[in-house]
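Let me begin by presenting the structure, written as structure tokens, before commenting on it.
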Amino acid sequence: MKIFGIIDLSTLDYPKRCSSVVFMSGCNMRCGYCHNYLQMKRNTYNIPPCQVYKRIDLTFSEAIVVSGGEPTLQPQALTEFCRIVKREENLPIKLDTNGSNVDTVKRLIEEDLIDYLAVDVKCAFDKYWDIAQYHGSKIEANVKKLIKICKRENVFIECRTTYIPEKMDKRDIYTIVKTVKGCNLYALQQL
């Protein structure tokens, strides 16, 4: 499992719960504003999922958050890690994703390994290439699929956008809101 960091205690990453956060390395997008990109490039470690689990201090944790990078780029390691957490602690797990790998997320949900899904919707879908160097039409379709899957499986889904004033306007936000209709929470974040 390639990781670039662990936070033993966070009060921000899982709503209403103290959590431990694992940051998995690798990303298939290149967002200019990403705060994790340099950390990922400098500090990546390859550790078996069971060892990652053992390194986390769960003293005050009520949940686990798996973030990145993009965790779904390591589907086997991600799945194994989630299975270990569920088997050993039965803690709720939140997955932060960019929405590019629906099949991986679907398998995790169907195996009852994910309790909370947070999808980063980077921008209006016609601007994806400029902001994230990725195909927006694919993400738009994936976000809609993920909302349906989460509703069907009773998994909380949050969609969120980091607002970049020089690259976005009000119309972009309206476009995103129409697409993510049906999610449990839509959050607009400041850069």
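Numbering (the working numbering), first residue to last: 32 to 222. Ideal Cβ positions, reconstructed from N, Cα and C, are used throughout, including at glycine. What you are looking at is a predicted structure, and each value in this text was computed from that prediction instead of being measured.
- Measuring C-alpha to C-alpha distances from Val208 to each of Arg183, Cys154 and Phe187 identifies Cys154 as the nearest.
- In the three-state DSSP reduction, Gln220 falls in the strand class (E or B).
- Under the 8 angstroms Cβ criterion, the region 59-73 does not count as touching the region 114-121, having fewer than three qualifying pairs.
- Cβ contact annotation for Gly100 (same chain, cutoff 6 angstroms, sequence separation greater than five): Met55, Ser56, Gly57, Cys58 and Met71, in chain order.
- Counted as a single uninterrupted DSSP element, the beta strand (DSSP E) harbouring Gly36 occupies residues Lys33 to Tyr45.
- Assignment of Thr193 by DSSP, reduced to helix, strand and coil, places it in the strand class.
- Close CB contacts of Phe112 within its chain, under the 8 angstroms cut and outside five residues either way in sequence, are with Met32, Val53, Pro80, Val83, Tyr84 and Val97 (chain order).
- About 5 angstroms separates the CB atoms of Ile188 and Leu148; that is less than 8 angstroms, so the two are in contact.
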